[in-house]
Amino acid sequence: MLVVHHLGISQSDRIVWLCEELEIPYVLKRYDRDPKTRLAPAEYRALTPFGTAPVISDGALVLGESAAIIEYIAQAYGEGRFIVRHGALNYPDFLYWFHFANGSFMPAALIDSMARRIGGENGVMTALQARLDRAYDQIEARLATVPFLAGDAFTAADIMTLFPLTTMRVFTPRDIGPYPYIRAYLQRIAARPAFQRAMQKADPDFNLPLT
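With this note's numbering, letter number 53 in the sequence shown gets 53, and the count goes up by one each step, no holes.
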């Protein structure tokens, strides 16, 4: 049986969302963060060698990493739904945006968060923080031309990208007022019934920043 080990307010909400979009049976096991440190509890960190979210188990298999989990579930349980196949015209777009979320966007957001904590003027930090501006600008430009990141249809690239566009802004405040296409995109995502179900199950008390 597929078990989603969900750490509250973490990247594992992506996995809950995918399962709801696919409408597949799964068990949701929720773990709360330590109220003082805000870190994952020891029980969660023991699930994988790296000790971070997300994590799934499926029989004897224990798997971490968002992109790996999404590909596994989509192929093993969803007949490849939301994964654009090689040969499709938008396959390169899908591949790029699917990996952009954790390959470029999340690192830029984390650097910005650390720079805010350190404070002070630093040319290197300023240059690194500019990467986050470029990430937002690139997403805005893309969404000015298509409704979803891989093109006309919703895909796993959208599932990967929503976390840095929303939850990450709790840790790295960002005014998305100057990004009308991102704002419209977030409203399209928020209107999806599967997304609503997933957020209610994963983090019902969390006010996800969708504006």
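Ideal Cβ placement from N, Cα and C applies to all residues, glycine included.
Alpha-carbon to alpha-carbon, residue j and residue i
i, j, result
"S10", "A40", "10 Å"
"G8", "V55", "12 Å"
"L47", "L61", "11 Å"
"I111", "R188", "28 Å"
"A150", "F98", "8 Å"
"T125", "D133", "For the sequence presented, residue 125 should be read as Met rather than Thr. Their backbone Cα atoms lie some 13 Å apart in a straight line."
"F105", "I118", "20 Å"
"V84", "E20", "19 Å"
"A144", "I70", "26 Å"
"G103", "M1", "30 Å"
"Y77", "T155", "15 Å"
"G177", "G123", "26 Å"
"N90", "R174", "30 Å"
"R30", "R14", "14 Å"
"A131", "Q138", "The sequence as given places Arg at residue 131; Ala does not occur at that position. If you take the alpha carbons of R131 and Q138, they lie about 10 Å apart."
"T52", "F206", "20 Å"
"L63", "D152", "30 Å"
"K36", "V3", "27 Å"
"S57", "D32", "18 Å"
"A74", "Y26", "13 Å"
"M199", "A101", "19 Å"
"R197", "L186", "16 Å"
"D34", "G59", "28 Å"
"R45", "R38", "13 Å"
"Y72", "V146", "27 Å"
"I24", "P107", "31 Å"
"P193", "V170", "24 Å"
Residue i and residue j closer than 8 Å at C-beta
i, j, result
"Y136", "Y96", "no"
"Q165", "I182", "Note that residue 165 is Leu in the sequence shown here, rather than Gln. For L165 and I182, yes; Cβs fall inside 8 Å."
"L162", "R81", "no"
"W17", "F148", "no"
"A202", "H6", "yes"
"M160", "S66", "yes"
"F94", "A141", "no"
"A190", "L210", "yes"
"A109", "L128", "no"
"T167", "S113", "no"
Per DSSP, the bridge partner or partners of residue i
i, result
"D58", "L2, L61"
"K29", "H5"
"G151", "F148"
Residue i: CB within 7 Å of a non-hydrogen atom of the ligand ATP
i, result
"I56", "In the structure on display, the ligand ATP does not appear, and there are no ligands present to speak of."
Can you check the segment 81-126 for any alpha helix (DSSP H) of at least 4 residues that lies completely inside it and give the ranges in chain order?
-> 91-100, 106-118
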